[in-house]
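Colleague: The structure's right below; bear with me while I get my questions together.
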Amino acid sequence: GRRLLATRHHLDAARLTEAGWRERWEAGRWFLQADGESGKRHGNETIRVAPDGEVSIKLPAPLAGYANAKHGRYVLAARVSFPHRATEWADRVEVNRAVAYRIHRDTVRGRWYLTAAWTFPVTRTIPLAAALAEGVIGVDTNADHLAAWRLDTHGNPIGSPRRFFYDLSGTADHRDAQVRHALTRLLNWARSCGVKAIAVEDLDFTAEKTREKHGRRK
1 GRRLLATRHH LDAARLTEAG WRERWEAGRW FLQADGESGK RHGNETIRVA
51 PDGEVSIKLP APLAGYANAK HGRYVLAARV SFPHRATEWA DRVEVNRAVA
101 YRIHRDTVRG RWYLTAAWTF PVTRTIPLAA ALAEGVIGVD TNADHLAAWR
151 LDTHGNPIGS PRRFFYDLSG TADHRDAQVR HALTRLLNWA RSCGVKAIAV
201 EDLDFTAEKT REKHGRRK
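Per full-length UniProt numbering, residue 1 is the first one in the sequence shown, and the count goes up by one each step.
Written as structure tokens, this is what we have:
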């Protein structure tokens, strides 16, 4: 970019040699990028990343002779993993939802990186009065379960309360799965009740943080 171009005239200040600068300049143009498509296998036909981290690239016709896999694809020797938002990424590729990828080289670290990006559809909203017209499900979050109770339009409980348990021990993946399953059961129950809204308690730990850090006020 412009910043690197300007650095060319101040190599000493940037502590770069001409060869080092040129390596960065060329690396900035060595990248491959492909927007994803929902419905395509794992959400991207050009750069495909399987759930197990295998990366394959769909080669253009002039380069088809370099393919090392079926259907004109080239499978990279290295596999990838995503330390950030890996669960969200896996959820998308497993159901073939669009994921955009970019492969680029970082000359400072001497490594190639693959980054993933995706967007979420705009959430539709309805007026509050319409959302509460059929009542609401009130939810209280606890250490090992969600406590829920159906309320009528006046806030009166209907029927018996429900509990949706989860286990937060074990690995992060296990905990995430447990919470997802509990939320799924809650949503299914809310749908069966015919309500259009779920109200969750607003947890505010400000007081607790103040006591922990600064002592309890007297």
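No residue lacks a Cβ here, since even glycine has one placed at the ideal position from N, Cα and C.
Short of 7 angstroms in beta carbon distance, which residues of its chain neighbour L151, apart from the five on each side in sequence? Order them along the chain.
Modeller: So the qualifying residues of the chain are G135, V136, G138, P157, I158.
Colleague: Since G39 and N96 are thought to touch, with beta carbons under 8 angstroms apart, how far apart are those beta carbons, to the nearest angstrom?
Modeller: About 6 angstroms separates the two Cβ atoms, so the contact holds.
Colleague: Check V122 in the structure and name its three-state DSSP category.
Modeller: Note: V122 maps to coil in three-state DSSP.
Colleague: How big is the Cα-Cα spacing for T210 and T141?
Modeller: Below a pLDDT of 50, predicted positions are generally treated as unreliable, and T210, at 48, falls in that range; no measurement from the model is reported.
Colleague: Hey, would you say Y101 sits closer than 8 angstroms to N44, going by beta carbons?
Modeller: Yes, they are a contact pair.
Colleague: In terms of residues, what are the limits of the alpha helix (DSSP H) holding V93?
Modeller: Its alpha helix (DSSP H) spans residues 86–94.
Colleague: Cβ of V75 within 8 angstroms of Cβ of W89?
Modeller: No; because the gap between Cβ atoms is not below 8 angstroms, this pair is not in contact.
Colleague: For the putative contact between A182 and F165, defined by C-beta atoms under 8 angstroms, what is the C-beta separation to the nearest angstrom?
Modeller: 7 angstroms between Cβ atoms; contact.
Colleague: What number of angstroms, rounded off, separates the C-alpha of P121 from the C-alpha of A67?
Modeller: The straight-line gap from Cα to Cα measures roughly 35 angstroms.
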